Structure formats: C-alpha cells, structure tokens
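Residue numbers (my numbering), protein chains in the order written: chain A, 2 to 762; chain B, 122 to 365.
Glycine is no exception: its CB is placed at the ideal position from the N, C-alpha and C atoms.
Source: prediction; values computed, not measured.
Right, one structure below, let's go through it.
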C-alpha cells in the first residue's frame, strides 16, 4: 500500500515536473523565438531567405523603428501569384533579423481607401451636425491636365461642395433616392479617390494586367510597392516591382538612406559648364541654355536625394576646398552627434580640355577612395542650344593628362563613334532654314544599346538591379588593358559592352553638316541610316562582308586600390588666368570666391625672361612660399623656380571608379526621351543606383542580387498532364488498395492454413 | 524497449490488418490530389510550385485526417475493455503510450511519403523544382504532424467513444493549427488587444510555415518536439492515472 502511494506520489511529481518543464520550454520558445530564429538553415536553392551579412549589419545597427508598408492588391494577377507571399515571407525574415526594429504592414490600397473614406465621411457628417466648418474636411480638388493647361483657377471647397450637392440632387431626383444619401456616397468616392491619388503622388502606382476570367479577358489593376518610413523623415518608396531577386538590395538601400543623419554629398564637375563651352556662332546668336547639360538631372533627380555641390575644379573651388567647407558645416538632421559631412561621390561629367592640375585633383580623389563616376567620350551632340541648332556634333578633347590617367587604369578610350545593329532610335526635332524655319523630325540612330536580352549587360551586378538595358549615345567605347590593370592591383567589373555587330564610324573634325554648322547628326548619321535601312550591316540578310569591330566596353567599374597617377611626381600647378585690361589687380589665383590672392609676376622677381605659364610661383596649398629676400633691384640674378612638392599618397583599398563611355548618356536632352525610348529610364535608374550605392557605403556593394531560378512548365502536353493525374489520382491509391488486398488475402490464406492445420491436428 | 517494439508491432498490425489505414490513406491521397491538381488547377498556374500542396492544403486536410488515425488508439481499447488487460501486462505505461504513438505516426508517415509521387511526377513537366525546399516541407510536415498525432492520442485516451475522440481531436487540432495562422494572428491583434502577436507563436502553423518556405529553424524543431512530448506525457498521465 505504502509502495503504491509512494509510486503514485513519485509518478505525479515526475509527470508534473516534466509537464512544467515542457510548458516552460514552449513559453520560452515563444518569447525568445525572434532572437533564436537567426540560427536557421535556408533550404531554398536560391537562398531566397538568406539575407546577406551586410544587410544583417544594417538591420542590426538600426536605432529606431523602421516601418515598411507593403501596398499590395488583394486580388493578385495569376502571373504574380507568389509575389505577395514571397514578399511577406521576406519581410517577416527582415523583421526577425532586425530584432523587431523593422515592422511591416501589409495594406491593400483599394480596401484602405474604402476604410479611409468611411472614416472621413463619418467625420464629415459629425462636423456637419455640429455646424463646424467643412472646408478643411473637403476632399482634395482634382485638377485635370486641361485645367492646368488652360490655367483655370482651382475650385474652392465651397464650390466643390455646391457642385457635389447639385450633382447629387440631379442624380437623386432621377433615381428616386435621397439626395443626402447620394451626396454622402459621392463624398465617399471622392475621399477614396483622394487616398489613391495621394499614393500616386508618392509613387505608389498600380499596373494593369490582362487576366482571363472564365471566357473573357479583363483588365486587372494591381499594386505592389513599398513605402519605408523612419522617424518623421520623408518616406522612401520602392515603386512597382514584380520580382523578388533585387528586393533585398532595394530595401537595404532605402533603409540606409532613410536612417543616414544627412543626405550624402555628391560633388559634380561638369567639364563643359557654360563658361568652358566654345563660344556660340556669333552670326547666329542663340538664347542662353541651362547652366549645365545635366542641370535637369541635378535639380530634379539628384537634389531630391543628395546634397549636390557643383565644383569647377579650379583654384579655390577644388575637391579639397569643398571638403574643407563640408567639414565646417554641421550635419543636418536629428542626429546631433553625427560626424562631419564628406564627399560620398564625385561625378566627372564630360571632361574637356582638362589641365594637369584638374586631372591631378581627380586622380587624387579616386585614389583617396572617393567613389567616382566618369562620363567620358570624344564626341557629343551639342544639345545646349536646343533643336534650333541642328544638334551639331561637337568634339571633346579630354586632354592628354586625362587620357594618361585613364591609361593608368588600363582604359583606352577609342577615337571613333560606334554604330551598332543593337541601337535605339528616336525622332529629334531639328530646325532647318529652308524657305523659312522648318521644324523637321530627324531619325537619330547613334545610341548604342546594351540590353539584358542580348546579353550585353552584367544583369546580376548590383548596380544593374532592375535594369534591362542602357543607351550610350555617341559612344566611343573603351578597351581595358588587362596587363595594365594587373599592375594596379585593382579589379574591374564589366557592366555593359557592345554587341558583336558593332562598327566604327570615322568622324573628321573638319566635316561639315548639310547646313554648314559643323557635323550634324544628319551628316554623321546618314551612313548609319542608309546602312541600317538597306540592311548593309546585316550580313545574314545581304550576304555581304561586313567588318565589325571587337567587343568594346561601355561601362566598367574598378574597385580596390586604384593607383595614384601622380605618385612621386611634382604636383602640377593651377593654370593662371591671363591678365586682362579689365582686371586692374592683375591675375588672381582662381575663379572661385574663396581663391587665395596670388602674387603678380612682378612679385616673382623675374624681371628677365618671363617664367613659363604655371611656373610663376609654387602655387597650391602644398607649395612652399617664395623666399622673402628675393631682391627685385638686381635684375641680373635670376631666381631659379622653387622646387615644387612631390605628390605622395597611399591609395585607399576601398577605391571605386565607374566609367561610362558616353557623356550624353545622362544629359537632360536624352533623359527627357524616357517616354520614347525606355532605355533612358534605365540610364537614369542606373545612375541613381550607382550614386546611392557609392554614397550609402560599402555595405550596399556587398549585397548581391539573388539569382532566382524560374520554375516553368516544360513540354507539359495534355497527354503528360493526364498521365500525372492518372498516377496521382488513380495508380497510387490503387496501389495502396492492392497492397491492402494482397495483405488481406495472404492473411486469409494463412488463417485458413492455420485453421486447417489445427483441425487436422 | 522490447515492450515498446511489441506494442508498436501490435498496433501497426491492428492498423494494417483492418481496412481503416487503407481507407484513410487512399481517401487522403485522392482528396489531396484532387484539390491540388483539379480544384486549384495546378496545370494552369503560371508558377508551377509544389508549395500550395503544403501550404495551405496539407494543414487543413490534416486537421480532418489525422484524428481519424488516432481516434481508435485508446478509445477502442477502452470500449472493448482490453485496456485493463494491457495495463496489467508487465510493461510501463509510457512504453504503451509511445508504442501506440509511433504506430499511428508510422501510418501518417506512410501516408505523407506516398505523396512524394506528386513532386516526382510533376518534375516530369516542370523545370526548376526546388528539391531542397521540398525536403524541408516534408520534414516540417512530419514534425508538425507528430504534434497532431500526440494530441489525437491524448484525446483518445480520455474517452471510450471513437466519434467523440475524433471530433474533440479535430477541434483541438484546428485551434492549435489556426492559432498560428497569419490571418488569425492579424485578427487577434486587431480585436483582442494585440495578443495575436504573442499567442500566435503557440500555434503550429506559425512554425510550420517556416519549414514550408524552406527554412529549417532549430527553434521550430524544438517547439514541435516539446509540444509532442507534452501531449505524450499528458497521455501517459491520463492512462497511468486510471490505475489510481
């Protein structure tokens, strides 16, 4: 009895302890699940849920809550069936890895709009009942394009209200319904539309899909976008996307951008800024163009996301001067303890006739690890004066020093313009003086295209996320010398290249256009046009021999320890501006406002033969001062020029240089063709990607796009489909039944045999 | 261990010597294949993936089929009075509990493994099936099903009526599964003072969905084993407690 009691007691205690331990374990797991779930194996072949280490670092470093709103329609088109599910899975993973700092909400815009409308209508009704002012509650008045064009005045809330009331009354009397009820329905519709309009303004726009419903095809509107919010900053939006492979990179980019204490600083150098441009035709004066060929890009795109600083690369306005100014400025934003600003990216656009010192500055910046983007070529369309100019071809000479700099990276920039069977074309409006001014459309063929479809871009490269093709107008192409590159110790990643059907077109600086204003696209492109229209460059059609050139690179990215071209050499001096009659103070040290005043030639003590340009003094911040005792009353003693300091720099291991072989690729006039030529949209996105990636730091560069393998039906004939159905719905269940039957029969036979044996015995 | 194996063999024989296992397995296979291929129209999907088979089909179908396997485990013994005999045999109650559990689990495992013909056959017409992820899905299904089997066994030990055992097990399995369902979590968050976030993690579906995604998470494995063990201990308490 005692044993039994003891056993019972022990049993209850043991069971109780086990139950308690297991319950505690389960509760504990629920509590620490998020923390522990980092330790998991990703069984998916594409590593879909394995977020890269840099992204984990970014998530781990978050100090405050980041809210990701995933706007997705409830009704998913069949072609994107898994998009929503996979996105939610990925966001769940992001939330887990961020320790809950990234929160995500899945919102169905259509339903949210209805919810919002209901709420606002209630509010409106309440305000009306309480006789409060309704103006603030009125939905936003929609302005049509015609209204804008006609310059019509915006309707006031009272006018909108009255118009609605009238419409409601008219409809109610026709339909025999209550006018107030109809008015509230109309109001709800307006609120709903306002909600969706607000999303559109933010960049959250639906796409339309053709969807088969029964026997008819319907158009389905589908949202798939993300809005990322952080503190009270302007939210970042990932516009419509339909593939998950680059989402991690985009999300990381947006989160980094939002959580940065201030906008990244981009230094922009335009080598052909207006003051550097060749003077316009004095006999045909044109209206003043914008400050830069890239002004629209800078003002409308770059300045939204970056702190763009234009630099002239002159004494007083050099990279170093900008850095000094930035160091003095305090970081904006709410992080008071954020460090001083620095240049996140240097853009060198259309370098033209660069002096040695300018090239020295660029080389120094690259080697110091300032990420640099270069837009270089030897030809360009002069678009600064608009279509009236006839779009003349202009020649760019980056200068010997700049060519040498490129060579130091193993880059050989070619001399001829390239033409290709893979190209884009558009109709340019060109004004002609034929019996008066005629506005004539002209086919413009000279943009070489590098597309993913033709396997001409490195599609999986992080800079080419969601880029399907790039256009390179008036490109010369580049060749990369692998041997020269080896010496540098840097690595090169080829991003875009020419198709095998590419040829070179020789353009002489002395060729004249049809209308005498330099080589115009009409003269230059006439050959292209003939050749393309007549298929002369398509041997498979004409059977003729065509000489195509070897592959040329159109965009390359250098990474690593990028050599300093001036290493151990004398630092070149800033070019002095010549003294003019208007300048009573003599030559100044530079064009920049902060430029230090330089001594005039009389101070150099060189009364004898004049010193060669650039050797008047050891200019530059590094130059030693001239000795005080330089006597001016002893003309026979010629003071030898002071030895200029030599450049010494240990190149940074984190250098990045992106070279695009077309100065026109990012010019406003081409980017404005986005509606006509989709590739320019990609040009812009690519440029933005590059600056953001450079500006936002190392981590982004290490996040790679995922290579997702598409599942698809292959040869799924009806016969095969029927066979699969037969196997799974028929054969396998039948096999189970057959097995059971066989087993039953065997058992029955054994039982009978046993019974017989028993009876016999 | 010998006793456990004897019980296991006896129970397996009881399943496979009677039509019950075959009926359940065949019904399961036909029902699942019908839903997957015909009802959801697998061949008209733009992304031919095997995942919809595991999520949402399998958990919902399991709620109906697994209790059908487990309902007889103890109820039948009780109804026929063989449980008294079983309990007087020289073996520990946990050996009987585990033996029965593993037998029922084996039926379930056979049932699940027979479905491998689905990915195998569709790989004939689908390029790019992710076999590693499919393996994870099967592991997840087997682990989470163990919980349902243990729960069903426990419920069966509480009643001698198989129908009651079946219905109660269906309800409890559904609650346990759906507690972790995203929509339920969302609803509970919105309507029940935000508790969905916390209570969702006790639901099996919450953990199962990670396996289905192709993520093999140690925490989810520990969760599945712990909950299974908990129900088995409760089962043991229910069986052994009868003696006192």
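Can you give the Cα-Cα distance for residue i and residue j, rounded to whole angstroms?
i	j	result
residue 142 of chain A	residue 158 of chain A	8 Å
residue 716 of chain A	residue 245 of chain B	9 Å
residue 616 of chain A	residue 576 of chain A	Low per-residue confidence applies at residue 616 of chain A: pLDDT is 36, beneath 50, and the placement is therefore not dependable, though the value from the model is reported in the following sentence. So the alpha carbons of these two residues sit roughly 9 Å apart.
residue 183 of chain A	residue 130 of chain A	17 Å
residue 192 of chain B	residue 6 of chain A	32 Å
residue 333 of chain A	residue 688 of chain A	In this prediction, residue 333 of chain A has a pLDDT of 49, which is less than 50 and means its spatial position is unreliable; what the coordinates show is noted afterwards. Approximately 25 Å between the Cα atoms of the pair.
residue 236 of chain A	residue 551 of chain A	46 Å
residue 223 of chain A	residue 358 of chain A	55 Å
residue 267 of chain A	residue 696 of chain A	8 Å
residue 350 of chain A	residue 375 of chain A	6 Å
residue 346 of chain A	residue 373 of chain A	6 Å
residue 252 of chain B	residue 181 of chain B	23 Å
residue 352 of chain B	residue 257 of chain B	24 Å
residue 144 of chain B	residue 231 of chain B	13 Å
residue 409 of chain A	residue 489 of chain A	8 Å
residue 618 of chain A	residue 328 of chain A	With a pLDDT of 37 at residue 618 of chain A, under the threshold of 50, the predicted position of this residue should be treated as unreliable, though the coordinate-derived value follows. Answer to the nearest angstrom: the Cα atoms are 28 Å apart.
residue 311 of chain A	residue 181 of chain A	58 Å
Compare the Cα-Cα distances from residue i to each of the options and report the closest residue.
i	options	result
residue 564 of chain A	A:155, A:407, A:547	A:407
residue 357 of chain B	A:559, A:745, A:17	A:17
residue 328 of chain B	B:343, B:238, B:155	B:343
residue 466 of chain A	A:561, A:250, A:568, A:295	A:250
residue 198 of chain A	A:62, A:114, A:317, A:323	A:114
residue 320 of chain B	B:333, B:212, B:297	B:297
residue 225 of chain B	B:143, B:156, B:190, B:293	B:190
residue 693 of chain A	A:126, A:84, A:306, A:88	A:306
residue 326 of chain B	B:303, B:197, B:348	B:303
residue 479 of chain A	A:497, A:464, A:15	A:497
When the cut-off is 9 Å and only beta carbons count, does residue i lie next to chain B?
i	result
residue 45 of chain A	yes
residue 667 of chain A	no
residue 745 of chain A	yes
residue 726 of chain A	yes
residue 52 of chain A	no
residue 75 of chain A	no
residue 110 of chain A	no
residue 16 of chain A	yes
residue 721 of chain A	yes
Based on DSSP bridge pairs, tell me the residues matched to residue i.
i	result
residue 133 of chain B	The partner list for residue 133 of chain B (beta bridge, DSSP) is empty, contrary to what the question assumes.
residue 20 of chain A	BP columns for residue 20 of chain A are empty, so no partner.
residue 498 of chain A	A:554
residue 450 of chain A	A:472
residue 227 of chain A	A:71, A:239
residue 413 of chain A	A:480
residue 89 of chain A	Paired residues: none, contrary to the question.
residue 194 of chain A	DSSP, once it has assigned bridges, lists no residue as partnering residue 194 of chain A.
residue 492 of chain A	A:560
residue 106 of chain A	A:70
residue 425 of chain A	A:448
Would residue i pass as an interface residue toward chain A - the criterion being a Cβ-Cβ separation below 9 Å?
i	result
residue 189 of chain B	no
residue 319 of chain B	yes
residue 146 of chain B	yes
Return yes when the Cβ of residue j is within less than 9 Å of the Cβ of residue i, no when it is not.
i	j	result
residue 266 of chain B	residue 229 of chain B	yes
residue 424 of chain A	residue 450 of chain A	yes
residue 277 of chain B	residue 195 of chain B	yes
residue 476 of chain A	residue 662 of chain A	yes
residue 700 of chain A	residue 257 of chain A	yes
residue 780 of chain A	residue 403 of chain A	This structure leaves residue 780 of chain A out entirely; chain A is present only between 2 and 762.
residue 60 of chain A	residue 33 of chain A	no
residue 227 of chain A	residue 50 of chain A	no
residue 560 of chain A	residue 491 of chain A	yes
residue 195 of chain A	residue 110 of chain A	no
residue 52 of chain A	residue 98 of chain A	yes
residue 324 of chain A	residue 299 of chain A	no
residue 294 of chain B	residue 146 of chain B	no
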